[in-house]
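What follows is a single structure, written as structure tokens, with notes after it.
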Amino acid sequence: MAIVAGASTSSELFNTPLLSTPDKTVAGAVDYRRRTAVRSESGRWRSACFIIVVEMAERFSYYGLSSNLITFLTEKLGQSTAAANVNAWSGVACLLPILGGLIADYLLGKYYAILASSFLYVLGMCLLTLSAMLLSLGCDNIERSIVSAPGHLPSLQVLTFFVALYLVAAGEGGFKPCIQAFGADQFDGEDPEESKAKSSFFNWWYFGLSWG
Numbered sequence: 001m002a003i004v005a006g007a008s009t010s011s012e013l014f015n016t017p018l019l020s021t022p023d024k025t026v027a028g029a030v031d032y033r034r035r036t037a038v039r040s041e042s043g044r045w046r047s048a049c050f051i052i053v054v055e056m057a058e059r060f061s062y063y064g065l066s067s068n069l070i071t072f073l074t075e076k077l078g079q080s081t082a083a084a085n086v087n088a089w090s091g092v093a094c095l096l097p098i099l100g101g102l103i104a105d106y107l108l109g110k111y112y113a114i115l116a117s118s119f120l121y122v123l124g125m126c127l128l129t130l131s132a133m134l135l136s137l138g139c140d141n142i143e144r145s146i147v148s149a150p151g152h153l154p155s156l157q158v159l160t161f162f163v164a165l166y167l168v169a170a171g172e173g174g175f176k177p178c179i180q181a182f183g184a185d186q187f188d189g190e191d192p193e194e195s196k197a198k199s200s201f202f203n204w205w206y207f208g209l210s211w212g
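Each residue of the sequence shown is one higher than the one before, starting from 1 at the first, in the UniProt record's numbering.
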């Protein structure tokens with residue numbers, strides 16, 4: 001009996017590791033492939049810094065667009081209702097995040113909502129560039145159109161511009177309600193070190209937001 005017990009104890013000692021390894025997975029968290037998140041391979045500052053840079057680029061694009069919009073509508077498109085058009089676009093861009101947040105919560109999740117809205121955002125910016133190029137290529141004809149009939153431009157240029165403008169608003173609607181929460185999700189609130197890093201993340205987030 002003693003030998004058997006001793007053998008069993010010896011076996012347990014050999015099978016027990018000398019140093020216990022902590023659990024590397026994050027409870028309740030998954031990566032973009034829906035697999036259990038591994039702490040050393042996903043999240044934390046590596047992902048959070050990228051998210052902050054993306055937000056800075058988005059803010060830079062949005063404010064760069066909105067600050068020049070009335071001038072462009074008035075001087076290049078000859079729109080007499082430029083201020084009303086800008087107010088309507090700004091209102092849509094501010095209201096769509098409510099819908100975007102619901103879609104992210106109930107259908108897509110934050111990650112895929114950000115991907116889809118980023119695609120719409122970039123597509124809108126590309127179409128805005130295309131519409132500006134079309135306007136610059138036909139600037140002589142457009143200037144004559146503005147002089148002869150203010151507000152009446154070739155429909156292709158105007159349609160392309162406004163479709164692109166509201167694609168940007170749609171991208172803003174899916175991007176804005178998700179990106180900050182997604183950045184905070186990169187830190188495990190149950191871990192003491194990552195909990196401190198999450199608090200620091202919001203400071204850097206506001207810094208990046210102001211910088212953009």
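Backbone N, C-alpha and C define an ideal beta-carbon position, used for all residues, glycine too. Predicted model, so just to flag it, every value in this text is computed and none were measured.
Just how far apart, CA to CA, sit Ala113 and Asn85?
27 Å
Quick one: measure Cβ to Cβ for Gln186 and Ala48, integer angstroms, because I've assumed they're closer than 8 Å.
5 Å
Going by DSSP in three states, Gln180 sits in which element: helix, strand or coil?
helix
Once the 5 residues before and after Leu96 are set aside, which same chain residues still bring their CB inside 7 Å of it?
Ala169, Ala170, Glu172 and Gly173
Start-to-end residues for the alpha helix (DSSP H) that takes in Gly208:
Pro192 to Trp211
So, with DSSP's three-state summary, where would you put Gly101?
helix
Backbone CA spacing between Thr129 and Lys196 [nearest angstrom]
42 Å
Just curious, the alpha helix (DSSP H) that Gly64 is in, first and last residue?
Arg44 to Ser67
What number of angstroms, rounded off, separates the C-alpha of Trp89 from the C-alpha of Phe175?
16 Å
Relative to the alpha-carbon of Gly100, which residue among Ser61, Ala57, Ala82 and Leu120 has its alpha-carbon at the smallest distance?
Leu120
Quick one: is Glu55 buried, meaning 16 or more other Cβ sit within 10 Å of its Cβ, or exposed?
buried
Going by CA-CA distance only, name the one from Asp105, Asn203 and Tyr62 that's closest to Cys94.
Tyr62
Helix, strand or coil at Phe187 according to DSSP, with G and I counted as helix:
coil
Assign Thr81 to one of three DSSP states: helix, strand, or coil.
coil
Contact belief for Phe182 with Ile51 at Cβ below 8 Å, rounded distance in angstroms
7 Å
Can the beta-carbon of Leu167 be found less than 7 Å from the beta-carbon of Gly124?
yes
Skipping 5 residues on each side, what residues in its chain have a beta carbon closer than 6 Å to that of Glu194?
Phe187 and Asp188
Kindly examine the ligand ATP and report whether one of its heavy atoms sits closer than 6 Å to the Cβ of Ser136.
With respect to small molecules bound, the structure shown includes none, and the ligand ATP cannot be examined in it.
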